[in-house]
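If you're matching them up, the sequences are chains A and B in order. This note's numbering applies: residue 3 is where the first sequence begins, and numbers increase by one. This note's numbering applies: residue 542 is where the second sequence begins, and numbers increase by one. All C-beta atoms, glycine included, are put in the ideal place defined by N, C-alpha and C.
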Amino acid sequence: MTTQRKSTDKNFLANLARGGFAESLAPHQRRQIHIGTDLDKYLEDALDDGKQVILTGNPGDGKTQHILMRQDEYPPDEYYYLLDASEYADYGELLSEWNEKFQNDVPGVLAINDGPLYEMATSYSDKYPFLQSVQSQLQNQIVYDDDEDEETDFDEIIVIDLNNRDVLTHRIITRAVDNFAGEFALEGHDHSGTCHIQHNAKKLQEERIKENLVDFLTQLGNYERHVTVRDLLNYLCYIITAGLKDCQTNFGPELEYYNLAFEGNGAVFDLARRRFQSPDLVHPFVDSRLWAISEQEAEFADRDEASEVVEPHFNQKKRQFLFEDEMLDIGYESRSLFQSLQYDFINHRNGMSQEGSKEQLVKLLNGYFLPNTSKRSELQLWLSHRYRSRSSLALVSRTSVPKSQFKIQRPRLHPAIRDAIGYTPGHTALTYTNRESKIRLSITRSLYRALGALDADIPYTLRNRDVEQQILEFMEEIEYHETHSEETGTVAVKDTETGRVEEVDINNDIYRR
Amino acid sequence: MALKLNTINGDASEWAYGFKATSRSLKPVHVAQVMFSHSLGHVHSPEELFQFTEKPSKTPSSELPSELKGRFEFGGQEKDEQLDQLRQTLRKVLANDNALYSSQQGSAPTCTSDWFIINTTAGVTVGRFIHDLMARSESKIESKLESQLTDHHDSISVLFRPLVKDAPKESATVKSWEEPDADNPFADGKVTPKLTEGYGNLSKHLKDSYAGSVNYPRDLRRVVKFGAFSLYVFMGNRHNEIRDDENARETRVPLVLNYTGDRDNPVADASLECYDTVGAEVQSTSRLGVRAELDTRGYKDTSEYDEDGILQKIEDKELLDLNRTSDEKIKEDFDTFRYIFEGDPANDEFDRLVNTVTDAIHQSRYKTYTPVDTIQTFGWRAGIIKPRGNRANERRLSPDPSVLEAIVLSVVTPSEQISLQDLCQRLRQRYGIIVGGTDQDRDHLDEWDISVGASTVESDPLSNRNYEGFKQAVIDLGFAREYADGVTIVSIPNNAT
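Below, the structure written as structure tokens:
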């Protein structure tokens, strides 16, 4: 029986590699693949407190898995579980059932994808008042200030949007690797480590390789793309099995985990390939050593054909180096390559000094319009106004707003759900505050990069208009909320073709320079 | 009576559209000037401003009136040189729409407040049409525009304040748009009521006064951008609205917006076809206008204008009144006209004459600037079609984000939350815009004999890649959020307005 179960595990692993998911798993398999996180405890505490928790997000975010994992301890005859909202022919039937449970104070966990949940909350909240709380929570999952949303009621219903959950974290990846590369992959087929599945699983168990894989995947989490738990599990299962149920005992490099890590389909593979091709991963010393090794291994008759022949070998070697740097022993560690990923932005986002980050950002924004400026204490507001479809001939500015009216804000999960999941913001916000107004400029990685690139003094006419539009709209909103004299002021005009800036002081209807 | 092709061209346009869409120089800023002057009821004559913003190469600062120069207290010896340099840069602020000339006549400065609204002569009737759309919307749009334009807190008004604040203010020549003779464009089912409704919706998104001022020129741009789009849609749909009922199509002229990101795919090809269809429809509108005008002028009288009579008048060089002095050119013009007439397949002499005059108007040799030229040039100037420039070809419908913003604000009210599919449906039904978001897209295109061909590399690029591209554009505007299961909700956040 045990043997039969474990032989099925291997197939199950291959199925997962091809995109299988939790609803079709046997209970023991579900338990075995489950990656324990803070969300488990959070759900159990909520059920103990008699609350209903709605897990929302995208398919593959692990909603169903979490419900099925609860059912042993919190039996379905006492708790309300909704595994699949799409099974209901219409929302009316579902909501009627849900409302009955809610009115009877039945605690539970409901898995509803965010699209249908949003539609229900917006279309039926008149009939079912508890949906107003759902709607409000959906809109306030992320806050910039803990006191920003004090009105939303989290007492009876809690919505957790798993779209916001960090999956590519050190903890989750490590646990997932341990789960899949452990007993699950190794036992049940007696190939003494010679088949491709056992070979890859054993490799992933090696401490150094595991560390490098975890580091590599954690870095992928810095790209602004949502990765689901299913994406991660599919990835890990694929790099162990290649999606093959039958063990291959005589296999070539194409079934090595370090090649498979860049060959499959799915979000993590896309990010892995993107990372591999990124210029950040180019290193003169590492690359030249790997190229030399590849040249020795490759066979080529004609020196002119060398690069074509060597390149595939080099790519494989570099993939191997990313995880097996110690074994290749070229005097360099792969993790030193991992560190360069958009370091400036990450530093800005995670910066400990609010004031320093703010000043740096104000300087970058000022520098967008006036290169080489070092002004950090105030943000100069510019206006571009025209009715035709073409870049501006001239920009105008007469207002500067002191930095004290801005805050750097980092989005965070709402305090009521902060303990449930991990969240890494993809942006920070430069927020202008003036009495009742809050205007935010979202500082994304691409905007930060565009601003930083201006150190190279890119000519105005070659700049990305979308970036400028974003900044100018932010400034125009601030101008609307600022009150200045309509009679006096110092106005700067920038000729965008020549870069020349003229500044005049207007006072008492006289111009002075 | 000899025919002046330019006159017929203009009169035909007026008959069909209610304005002369025959101006080479029509730019969005001209339309803005007229819309704003009609909303305000007044204009300014800032003589000093025009003297100052004249190119120094034409009028050096040394030649400026001393009273004007007295407004500049510059230190140093070379005041005139300094002033030249300053003028060179500052004039670009008001020339940002490339319509600032040496005289006020024909000029249209880029405007943020009423100080820069002058009694412009360009784009007057077109501007009145768009103003009429606003006025009929029964919304607060005109009062909001007035608040914005009579506020002078914006940096451009402050910059030029010493030169304009005391400029003579006079009543604007405000006239209502005269509806075309062709039909009642506000009748049910026509596009104009939808454009009026659009202005009503847009009005709800415009800023109110904040702490006593409304310093938000972006709203002025929104109003003008929607006006430019309205003009394009109105002209594109005219032919279908005024042609014989039995031939009329039930849907708007389709406008496939190309959001695929490139020009070599079936959606981009369909967008190009739509652009061409708009051109063909506008030309067909001219044909109906020419027919009406020739009829009014008595050319239907076959006792004088039978085939022989027409040919004889061509032979005698009496049929056309050409603005030429060279006998050789005049002969070539008449010969060309005769070739067209003789080659036209229509049976009826009047039809042949109408076709010949229409075709002649659309030939470059007669130097007429047609509504087709106008709408195409205006389209790229306003950011509706790409690529821009007089020499570009193969243009496609690909609006600037600022144009799309105004269009979306015209169909979604501030409190609404609608799905992206509903937004696509509204855009298609009201304006004929097709991006791939509705089940009726292909039927709509079929009705206009436009097909989105198959792609060898991707499945249904209209409903997939193009729809995704459009969705991203709306998300980038901050007007939509994407949820799982293909649900994208469109709503206009408060901070966007």
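Contact check between the segment 797-807 of chain B and the segment 927-939 of chain B: three or more CB pairs, one atom from each, fall below 8 angstroms, which counts as touching. Across the structure, residue 288 of chain A and residue 328 of chain A are spaced so that their CA atoms are roughly 13 angstroms apart.
The distance from the Cβ of residue 945 of chain B to that of residue 1018 of chain B is about 7 angstroms, consistent with a contact at the 8 angstroms cut-off.
Listed by position along chain A, the residues whose Cβ is nearer than 7 angstroms to that of residue 631 of chain B are 495 and 504.
Unbroken alpha helix (DSSP H) runs of no fewer than 4 residues, entirely contained in the segment 616-703 of chain B, are found at 620-635, 665-676 and 682-690, following chain order. Per DSSP, reduced to three states, the secondary structure at residue 933 of chain B is coil, with no helix or strand assignment. Residue 486 of chain A has a beta carbon lying within less than 8 angstroms of a beta carbon in chain B.
For residue 563 of chain B, the closest alpha carbon among the candidates B:570, B:552 and B:571 is that of B:552. The beta carbon of residue 644 of chain B is closer than 8 angstroms to those of 591 in its chain, skipping five residues each way along the sequence. Beta bridge pairing from DSSP links residue 1014 of chain B with no other residue.
Here residue 384 of chain A carries a strand assignment [DSSP, helix/strand/coil]. The segment 664-680 of chain B makes contact with the segment 765-776 of chain B, as at least three CB pairs between them are under 8 angstroms.
Assignment of residue 29 of chain A by DSSP, reduced to helix, strand and coil, places it in the helix class. Under the three-state reduction of DSSP, residue 369 of chain A is assigned to helix. Check the Cα spacing between residue 646 of chain B and each of B:663, B:559, B:630 and B:652: the tightest is with B:663. Residue 140 of chain A and residue 113 of chain A do not touch by the CB rule: their CB atoms are close to 15 angstroms apart, not below 8 angstroms. Near chain A, meaning a CB-to-CB distance below 9 angstroms, the residues of the segment 917-928 of chain B are 921, 922, 923, 924, 925 and 927. With its beta carbon at least 8 angstroms from every one in chain B, residue 142 of chain A lies outside the interface. It is roughly 11 angstroms from the alpha-carbon of residue 487 of chain A to the alpha-carbon of residue 698 of chain B.
For residue 90 of chain A, there are no neighbours in chain B by C-beta distance under 9 angstroms, as the nearest C-beta there is about 13 angstroms away. Residue 924 of chain B counts as buried, since no fewer than 16 other beta carbons sit within 10 angstroms of its beta carbon. One finds 1024, 1028 and 1030 in chain B with Cβ atoms closer than 7 angstroms to the Cβ of residue 120 of chain A, taken in chain order. Per DSSP, the unbroken beta strand (DSSP E) holding residue 110 of chain A starts and ends at 110-113. Secondary structure of residue 405 of chain A (DSSP, three-state): helix.
At least 8 angstroms separates the CB of residue 890 of chain B from every CB of chain A. Shown here for residue 171 of chain A: same chain residues with a beta carbon closer than 6 angstroms to its own, the five before and five after excluded, namely 424 in chain order. At a beta-carbon threshold of 9 angstroms, the residues of chain A lying near residue 570 of chain B are 388, 389 and 390, ordered along the chain. In this structure, the CA atom of residue 399 of chain A is about 6 angstroms from the CA atom of residue 495 of chain A. Neighbourhood of residue 636 of chain B in chain A, by CB distance below 9 angstroms: 395 and 396, in chain order.
Here residue 872 of chain B carries a helix assignment [DSSP, helix/strand/coil]. For chain A, the residues of the segment 750-784 of chain B that bring a beta carbon within less than 9 angstroms of one of its beta carbons are 751, 752, 753, 754, 755, 756, 757, 758, 759, 761, 762, 765, 766 and 769, in chain order.
Among the CB atoms of chain A, none fall inside 8 angstroms of the CB of residue 745 of chain B.
Taking all protein chains in view, the Cβ of residue 949 of chain B is crowded by 16 or more other Cβ atoms within 10 Å, so the residue is classified as buried. The three-state secondary structure of residue 453 of chain A, taken from DSSP, is helix. Taking a Cβ-Cβ threshold of 7 angstroms, the residues of chain A close to residue 693 of chain B are 488, in chain order. Assignment of residue 494 of chain A by DSSP, reduced to helix, strand and coil, places it in the strand class.
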